Amino acid sequence: MSAICPVCNGLEREAACCLACGTLAEDCGRFSDWLGPYAPYREQDDIAMTDGFPGAAQGVCTHTFSCPACGWEFQQAIALVEVPADGVLRPI
Ligand SMILES: [Zn+2]
Ligand SMILES: [Zn+2]
62 MSAICPVCNG LEREAACCLA CGTLAEDCGR FSDWLGPYAP YREQDDIAMT DGFPGAAQGV
122 CTHTFSCPAC GWEFQQAIAL VEVPADGVLR PI
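For the sequence shown, our numbering begins at 62 and goes up steadily by one.
Structural data, given as structure tokens:
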């Protein structure tokens, strides 16, 4: 079994409201994808504690959200889910 991010894998969309104005913010992808030239090529398992943000080792995938109304950007941790042999996803 392995833990995956349901948002990165297209299983669900995370809804997050802008902390500044409350508008529904857009998911801009994994926070680690924004780090350094090599970040996009790293596997999710490698991103634990990147620049102080929690990663796979903490059971979360940190995503960056951007508010379309005021431009505020913030990070939100998405809980990873286990992929068991029967294929039924369960929160961990
Ligand atoms: Zn993710
Ligand atoms: Zn906003």
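Even for Gly, the Cβ is constructed at its ideal location relative to N, Cα and C.
Please read all numbers here as calculations on a predicted model, not as lab measurements.
Nearest-angstrom Cβ-Cβ length linking residue i and residue j, presumed shorter than 8 angstroms
{"i": "Glu87", "j": "Pro145", "result": "Between Pro145 and Glu87 the Cβ distance is about 31 angstroms, and since that is not below 8 angstroms, they are no contact."}
{"i": "Gly90", "j": "Thr125", "result": "6 angstroms"}
{"i": "Cys131", "j": "Cys82", "result": "5 angstroms"}
N-terminal and C-terminal residue of the beta strand (DSSP E) that residue i is part of
{"i": "Ser63", "result": "63-65"}
Close-in-space but distant-in-sequence residues of the same chain around residue i (CB under 7 angstroms, 5 per side omitted)
{"i": "Pro115", "result": "Val121, Thr123, Ala138"}
{"i": "Phe135", "result": "Leu80, Phe126"}
{"i": "Ser63", "result": "Val144"}
{"i": "Leu141", "result": "Ala64, Ile65, Cys66, Ala117, Gly120, Val121, Cys122, Ile153"}
Same chain only: Cβ atoms within 8 angstroms of residue i, ignoring 5 sequence neighbours per side
{"i": "Cys78", "result": "Thr84, Leu85, Ala86"}
{"i": "Val68", "result": "Arg74, Glu75, Asp88, Cys122, His124, Ile139"}
Bridge partner(s) assigned by DSSP for residue i
{"i": "Ser127", "result": "Glu87, Glu134"}
{"i": "Cys78", "result": "Leu85"}
For ligand 1, residues whose Cβ lies under 6 angstroms from any non-hydrogen atom: That gives Cys66, Val68, Cys69, Arg91, Cys122, His124, Ile139.
Near ligand 2, which residues have their beta-carbon closer than 5 angstroms to a heavy atom? With 5 angstroms as the limit between CB and the heavy atoms of ligand 2, the residues that fall short of it are Cys79, Ala81, Cys82, Thr84, Cys128, Ala130, Cys131, Trp133.
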